[in-house]
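Asks: In order, the protein sequences belong to chains A and B.
Quick note on numbering: the working numbering labels position 769 of the first sequence as 1806, and the sequence is numbered without any gaps.
Quick note on numbering: the working numbering labels position 261 of the second sequence as 618, and the sequence is numbered without any gaps.
Glycine residues also receive a C-beta, built at the ideal position from the N, C-alpha and C atoms.
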Amino acid sequence: MMVHRASTPTRLEWLLTRCLALLGLMIFTGTVLAERPSAEFFQNNCYDCHQGEGAEGGLDFEKLPLDLSHHDDEARWVRIFDRINTGEMPPPDYNQLDAETTEPLLSDLSQWINRHQREKYAKSGRVQGRRLTRRELSRTLHDMLGIDIPLLEFLPEEAKGAEFSTVAEGQSISHFDVDRHLAVVDIALDEAYRRAFTPEDKYEQRFDAKTISRKNPKQRNRDPELREGQAVIWSSGLIYYGRTSITTAPEDGWYRFKLQISGLKLPKSGGVWTTVNTGLCVSSAPLLTWVTSFEAMAEPKVVEFEAWLPKRHMLEIRPGDTTLKKGRFRGGQVGVGEGEDQGLPGIAMDWMTMERIHKGPSDDEIRRMLFGDLEFHEINQGKALELKADKVSPEQVDQLMVTFASRAFRRPVEKSEIEPYRELVHAALADGEKVSEALRIGYRALLCSPRFMYFTEPLGELDSYAIANRLSYLLTGSMPDEELTGLAAEGKLKDAQVIDTQVERLLAGKNGRRFLEDFAAEWLDLNQIDATEPERRLAPDFDKTVERAMLDETHQYLETMLRENQSVRRLMISDDTYLNSRLARYYGIEGVEGDELRQVSLKPEDRRGGLITQGAIMKVTANGSTTSPVLRGVWMLEKIMGIHVPPPPVDVAAVEPDIRGSKTVRDLLAKHRADASCASCHTKIDPPGFALENYDPAGKWRDRYFKVVGNKREKGPEIDPAYVLPDGRPFADITEFQALVAEQPEKLAKNMAEKLIVYGTGAPVAFADRAELDRIVDRTAEEDYGFRSIIRAVAVSPLFLTK
Amino acid sequence: MLPQVHYNFRRTLGRRTFLRGAGAAMALPWLTAMAPSFARAGQADRPRRFVAMTLGLGLHGDNLFPNKPGKDYESTMYLKQVEHLRDQITVVSGSSHPGVSGGHRAEASMLTAAPMSGSAQSKNTVSIDQLMAKHLGDQTRFPSLVLGLSGTNSPSYTENGSMIPAENSPSRLFTRLFVDDSPAEKKRQAQRAKEGRSIMDLVAADAKALQRDLGAGDRDRLDYYFTSVRELELRMAESEAWAHRPKPKVDADKPVDISNGNDFVNRQRLMSDMVRLALSTDSSRFVTLHFGGSGGVVPIDGVAEGYHSLSHHGQDEKKLAQLALVESEIMRAWGDFLSDLQQTEDDGGNLLDSTSVLLTSNLGNASNHNNKNMPVLLAGGGFKHGQHLAFDRKKNYPLPNMYVSLLQRVGLETSQFASGTSTMQGLEFS
């Protein structure tokens, strides 16, 4: 893809530039020229193919400016360096060069690019003004104000421009975003003020089976029916069947449920897999929100779960295993007893408790966050609270603003720095606003400040507060906690040992799981797990319980890697994974019981070793009805193996698998290998892509393709996963492929370190950062490239600790 | 009809200011798409409007779609109800939203074209009316109106995929549109907007102060922030101005809501009339009106069974006959609404010329909950009509392409919407 611009320097201009540079050399010093690549090299070794009309791969050296100031040109020169460096160019069949010939050029090129990028860093920094992402903003407002209401839904989704949402380059801002920001700040402040000024939220109910069941047994509806003293729902595809009106929320809030439940008329496969969703459960509001799933057994058991329920929303609890026999009911309603003789599995509830809860700080703590030591008194016979206004001095107001601002800006703030914000509050007070309302205006403004919304740092090494900030957002996705802020205040975060201890602390316990869920959501595209629904005819036994179990499997697997500091090799190979009975049945692995995930030893014929063969990975890399070795191959290279693939030339049509015809993807892609300019990338893309072809779009193993004919699926051609790695090593199937890749764990480690740097700093790893990245990886070799070792090495690296 | 302030606002916003902002947002297709529309803002182009009327229970295809394509298509039972508007209407057969299934659930995708399936957890995206309102809605007091006949269900979704609840009371709508707020309420609204503006003013100044201490990279990023904040400030000034401005007066009394939920067609007529009033006073330019499926018996002679159950006719002739009675009435009422628009003067032409009116449903076949072959009728708006666009009923044409045409018609120079990647084949501007 040649980028055409109006003023592309011609060869003459290039030579002219070089002459001028030579002139500079004679007058000043030799260093400038020494760092420029030699045109002679390209003339001698590249011009045969890369010059003039029809230059190979769209690369015409005569038209490529010897200038790095344009981003696209810089990228091209980096790619030229890489391809010569790896020996891909000049191609072996043309004129293989020895190191003696290439080394001087590579050294020149590398110095030239490095120098250019470092100059840019000196002026602008590696990372340029990144903004809180949607997730970070939501979590930070939670921590700032002590509230727990979901805020994500009020914020526009990030543009999909960069690898991670944290990357500054991919972040955009418009008046619309600022408007939404202001709106979400208001929603958050409203909730904090509501919690501060009204009595504690309370709602506690206990329902017996009769109360859970429909009130009028003669009515045909979709609520549970009372059967032998239990509230019962049968297996059926009927939408909202299993709605439990009694759980209708009186107010928006988090609710904790405990439920004693058992399965009825159990299927041969074990218990009755049950799903819990929330929604209005009426046909005019079609969408439901997932809560949990579990397996109801013959023996009653108590399950516990928490759910956010908007006012008037309720739970839908029902057998959710699509492989169960489904009942048929007339007219979209179920009458008592109508499921009885259909031989259906069902679920039976004995009792349920429902309690309003809050996650995080108490109301008292929220009052302290907002108003420090100011005193409250009750009004309206205890129905509300109010600040004892007469006792508040202007100094106290200023102090509250300074405290709030220091937390919001994540560094100490002087009174004078926030003068305009304080003035706003004092002006409101002068207008006769109540103290709490005047402060709210001030808080509102502070939370819209660029100092809150952006990470701005002076150039060069980060100071302690900026380090605390980066560490905290990398590992917790939110603002630094008290301990980090305290260490920053003492200036201790410049000490690698201290940073290391903090990393361990912030990854301990539940935090580790949260970190890796955040990270993997974007790194592995796990946030796309429900983006498609596998085509029913191709994946008849796939359902939500399977999908959630897949996601849990991958999370649990990564969490163990993190907790036990296991080697990155486990991305490729392992002889165990984490399954529950539903997923094991889906995978066809026998002997796994229970709805909790458990570690399961794998036999080679299970073909589920390593992270890359897990259902969640196979699902997010397919589109629901077909797989594409190209898409999966690119995914593997970019996400796991750390090989960057430039996008295909614009004029090339995508190769689409044809599930009806007899032509296999392999046939279609074969022509790529014949075309040299396609082959340059496809020799890398196709091997991992084909190695994974044995996994269907829904994550199941398959030996043949399937095609859909009418409503049936028919066997298609056999799958041939064999291929050859770019370095010439052949493999016969996925297992051999995994073994080959796992032989080079340093490459997997380098990729993971790179992802962490990008995610944690908000800027891509550039050419000039490569040496530093290598050092990070080297430091973890002794610990066999353990997952946690890599995180620790990243956190103390100069890349992470510099603007 | 347009108060001068609109144009003032647009000039203030200015092309340069906006384009700088847009540069920051290159990754966001909508924003780049909107640039040309603002770039043209200086010209006093006539206002373009869009109304979507959406049916929850479909329109029986056999009674709607003609066989013959082109201009001399034969009139079908339903098209006969709007025969007098033949040259103002395009009927489209053989089109649907790619990747959308799930029967009634696909209602959520009607105006978003977001892939939808039997799974309840599918995620939605922005609907076409809200996309228009986002970029052009600042011209009117209400950027958009989301209306329904009963319940709060609507086909309008925000960019996050959350449904915007519909207003279903004509009288409440009338009050919002035409009855001035109390001075106290006006004051409260103005106060809120004013406070927001002073905050925007303050943080913009703070951004400038902060920039002084930073490197070039951070400075550039804060410039984008600064521009966005300034733009929002202008928009807030606009809404503050609306709060002070008296609402338009109309020659109509506040309507009385129809309490009988089954009286579907009369509810449709009353709410449609409110839409006409809203458009003619330029209170809003982007309106959705959802005709959800009422369960009860529609009071029409010859109809004895509930509307919802009729739509599941299962080819039962008796049911089909009753369904045809109900749907013919719906079509006639729709035609009357179009005629009313045509008879309302607007900017030298009539309101129908400036308003694209879409009538559609997620159900191509309500009887078996099929989402293919959606009923699609487009009227007015400055398109070349009077034709039957006949696409392949087995392999449907992507309807999202029509949405691209509609977006371009209101002035958003985009070439895609959801899975739509071009304008609709055969649908041309007049």
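Assign B/T778 to buried or exposed, taking buried as 16 or more other Cβ atoms, counted over all protein chains shown, within 10 Å of its Cβ.
Replies: exposed
Asks: Terminal residues of the continuous beta strand (DSSP E) containing A/K1841?
Replies: The structure shown does not extend to residue 1841 of chain A, since chain A is modelled only from 1038 through 1840, so no value can be given for it.
Asks: Going by the beta-carbon positions, is the gap between A/T1390 and A/R1243 smaller than 8 Å?
Replies: yes
Asks: Straight-line CA distance for A/E1093 to A/D1712?
Replies: 11 Å
Asks: The alpha helix (DSSP H) with A/N1788 in it runs from where to where?
Replies: P1782 to T1798
Asks: Short of 6 Å in beta carbon distance, which residues of its chain neighbour A/R1606, apart from the five on each side in sequence? Order them along the chain.
Replies: Taking C-beta separations shorter than 6 Å and ignoring five residues to either side along the sequence, the partners of A/R1606 in its chain run A1779 and P1782, following chain order.
Asks: Residues in the segment 440-471 of chain B with C-beta within 7 Å of chain A's C-beta atoms, listed in sequence order?
Replies: Contact residues of the segment 440-471 of chain B toward chain A are H461, R462, E464 and A465 (C-beta to C-beta distance below 7 Å).
Asks: Of all the options A/E1206, A/E1125 and A/L1407, which has the alpha carbon lying nearest to the alpha carbon of A/T1720?
Replies: A/E1125
Asks: What is the DSSP secondary structure of A/T1839, reduced to helix, strand or coil?
Replies: strand
Asks: If contact means a Cβ-Cβ distance below 8 Å, which residues of the segment 1151-1184 of chain A contact chain B?
Replies: Residues of the segment 1151-1184 of chain A with a C-beta less than 8 Å from any C-beta of chain B: K1160, S1161, G1162, V1164, Q1165, G1166, R1167 and R1168, listed in chain order.
Asks: If you measure beta-carbon to beta-carbon, which residues of the segment 583-597 of chain B are closer than 9 Å to chain A?
Replies: F583, T584, S585, V586, R587, E588, L589, E590, L591, R592 and M593
Asks: Give the interface partners of A/P1487 over in chain B, defined as CB-CB distance under 7 Å, in chain order.
Replies: V560, D563, A564, L567, L579 and Y582
Asks: Sorted by chain position, which residues of the same chain lie with C-beta nearer than 7 Å to A/S1272's C-beta, five sequence neighbours on each side aside?
Replies: P1356, L1361, K1362, K1363, G1364, L1381, P1382 and G1383
Asks: Under 6 Å Cβ to Cβ from A/A1830, same chain only, skipping five residues before and after it: list those, please.
Replies: I1813, R1816 and T1817
Asks: On the premise that A/R1163 lies in contact with A/A1800, defined as a C-beta separation below 8 Å, what is that separation, rounded to the nearest angstrom?
Replies: 5 Å
Asks: When you compare each of A/K1531, A/R1807, A/I1827 and A/P1487 to A/Q1603 by their alpha carbons, which one comes out closest?
Replies: A/I1827
Asks: Quick one: grab the DSSP three-state call for A/P1128.
Replies: coil
Asks: If you draw a straight line from the C-alpha of A/L1317 to the C-alpha of A/D1180, how long is it?
Replies: 30 Å
Asks: What is the rounded straight-line gap between the Cα of A/R1600 and the Cα of A/G1549?
Replies: 8 Å
Asks: What did DSSP end up calling A/V1671 once you bin it into helix, strand or coil?
Replies: helix
Asks: Taking the CB atoms as reference points, tell me whether A/T1663 and A/I1771 lie closer together than 8 Å.
Replies: A/I1771 is positioned such that its CB atom lies no closer than 8 Å to that of A/T1663.
Asks: Quick one: list the residues of chain B neighbouring A/A1482, beta-carbon separation under 7 Å, in chain order.
Replies: I556, L559 and V560
Asks: Under 8 Å between C-beta atoms, does A/H1350 make it to chain B?
Replies: Chain B contact via Cβ: absent.
Asks: Could you check whether the Cβ of A/L1451 sits closer than 8 Å to any Cβ belonging to chain B?
Replies: The displayed chain sequence assigns Glu, not Leu, to residue 1451 of chain A. With 8 Å as the cut-off, A/E1451 does not count as an interface residue toward chain B.
Asks: Taking a cut of 7 Å between CB atoms, which residues from the segment 1193-1219 of chain A lie near chain B?
Replies: P1193, E1194, A1196, G1198, A1205, G1207, S1209, I1210, S1211, H1212, F1213, D1214, V1215, D1216 and L1219
Asks: If we call anything under 8 Å between Cβ atoms a contact, is B/I314 one with B/L763?
Replies: Since the displayed chain B opens at 358 and closes at 787, residue 314 of chain B lies outside it and no answer follows.
Asks: Taking 8 Å as the CB-CB limit, is A/I1478 close to chain B?
Replies: yes
Asks: Does the segment 1129-1144 of chain A come within contact of the segment 552-564 of chain B, defined as at least 3 CB pairs closer than 8 Å?
Replies: no
Asks: Throw me the rounded Cβ distance for the B/F748 and B/S452 pair, which I believe falls under 8 Å.
Replies: 5 Å
Asks: Run through DSSP, which three-state label would A/V1831 get?
Replies: helix
Asks: In the structure shown, what three-state DSSP assignment does B/R372 receive?
Replies: For B/R372, the pLDDT reaches just 30, beneath the cut-off of 50, and the residue's location in the model is therefore unreliable, although a value from the coordinates is still provided. Looking at B/R372 - three-state DSSP - the assignment turns out to be helix.
Asks: Taking just the CA atoms, how far does A/D1109 sit from A/A1445?
Replies: 38 Å
Asks: Suppose you measure from the CA of A/L1588 to the CA of A/L1563; what does that come to, to the nearest Å?
Replies: 8 Å
Asks: On the criterion of 16 or more Cβ atoms from any shown chain inside 10 Å, does A/A1707 qualify as buried, or is it exposed?
Replies: exposed
Asks: Quick check: the Cα distance between A/K1840 and A/I1150, rounded to an integer number of angstroms?
Replies: 19 Å
Asks: Note down, in chain order, every chain A residue with its Cβ under 8 Å from the Cβ of B/K491.
Replies: F1213
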